[in-house]
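Shown next, in structure tokens, is the structure this report addresses.
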Amino acid sequence: MNDEYYLVEGEEKKGPYTYHELTQMDLDIHTELITPLSDQPQYASELPEFIDYFEAQGIYFPTMDNLASLGKRLSAFIIDYFGIYIIVSNIAVRTGLVVLPLDIDYSFRKPVPTSMLIMSASVVTIFLLYKTICEATNLKGTVGKTIFKLIVVDIYGQRLSLPRSLLRNLGVVLSLTIWIPFISVFFSEHRQAWYDSLAKTYVITTV
0 MNDEYYLVEG
10 EEKKGPYTYH
20 ELTQMDLDIH
30 TELITPLSDQ
40 PQYASELPEF
50 IDYFEAQGIY
60 FPTMDNLASL
70 GKRLSAFIID
80 YFGIYIIVSN
90 IAVRTGLVVL
100 PLDIDYSFRK
110 PVPTSMLIMS
120 ASVVTIFLLY
130 KTICEATNLK
140 GTVGKTIFKL
150 IVVDIYGQRL
160 SLPRSLLRNL
170 GVVLSLTIWI
180 PFISVFFSEH
190 RQAWYDSLAK
200 TYVITTV
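If you read the sequence shown in numbering that gives the first Met the number 0, its first letter stands for residue 0, the second for the next number, and so on.
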């Protein structure tokens with residue numbers, strides 16, 4: 000490209016710069032530019048020609064083309080949840096922290112054994128911590144999501160802060176209690192579960 004871009008910093012306009020020169024200047028998503036097609040400043044993150052640049056920096060903006068399918072999300076969830084369940088339950092039983100009765104009666108007439116409640120609470124708590132921490136790191140996702148090339152981002156394509164990740168995953172855990180973690184995805188234009196809408200997050204695919 001020719002020298003067609005200008006950097007806008009407050010009231011000051013700097014340039015002109017070529018596209019290549021700009022990509023060597025450590026742009027961020029809020030860098031304001033004047034382009035050949037508009038005299039009005041625009042964020043670099045809003046310009047299609049800079050999508051590849053930001054993806055190379057690990058920033059993936061949610062678009063209608065890269066929103067994760069329900070099938071991939073469900074598959075990643077199954078891997079994560081049952082992976083945690085198997086690990087936690089095995090450790091708990093082998094160390095004697097939880098002793099499972101041999102004559103479990105699953106009928107509605109009898110209460111759930113305390114050991115089973117402890118096991119379930121442990122799995123859910125560790126699952127919550129695991130997802131919250133993983134989605135707030137540079138991985139932007141859990142092991143299951145990594146396998147399916149999925150990440151969780153905010154509206155700016157960046158990794159979640161720890162509080163935002165916690166808010167999102169509290170919603171995941173709450174959905175688990177009524178077994179409908181993904182039903183709301185069917186009614187969302189942007190394939191967001193209700194807790195994604197609450198936390199303003201998106202699950203996208205990087206391939």
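Ideal Cβ placement from N, Cα and C applies to all residues, glycine included.
Whole-angstrom distance between residue j and residue i, CA atom to CA atom
i	j	result
E48	V152	21 Å
Y129	Y4	44 Å
G156	V202	10 Å
T94	L21	58 Å
N168	T131	6 Å
A67	E188	12 Å
D51	N65	14 Å
M0	L165	Residue confidence for M0 is low, a pLDDT of 47 falling below 50, so the modelled location carries little weight; the figure read from the coordinates is stated next. For M0 and L165, the distance between alpha carbons rounds to 43 Å.
I150	N89	29 Å
I177	V171	10 Å
K13	L46	18 Å
L175	D25	42 Å
T204	P110	43 Å
M63	I125	33 Å
P40	D27	14 Å
T200	Q191	8 Å
K139	V122	22 Å
Y16	Y194	42 Å
P35	S44	16 Å
I117	Y80	17 Å
V98	I83	19 Å
G219	P112	The requested residue 219 does not occur in the structure, where the chain is confined to residues 0 to 206.
N137	S114	36 Å
L69	S183	11 Å
8 Å Cβ cutoff met for residue i and residue j
i	j	result
E54	Y42	no
I86	V142	no
R72	F181	yes
A75	I146	yes
Environment of residue i [buried if 16+ CB atoms lie within 10 Å]
i	result
L173	exposed
A120	exposed
P162	exposed
P61	buried
E11	exposed
L96	exposed
L6	buried
C133	buried
V206	exposed
I33	buried
Identified DSSP bridge partners for residue i
i	result
N8	According to the sequence as given, residue 8 is Glu; it is not Asn. DSSP output for E8 lists E11 as bridge partner(s).
S37	T34
Y59	Note: Y59 sits in no beta bridge, so no partner.
Y42	E31
I150	I203
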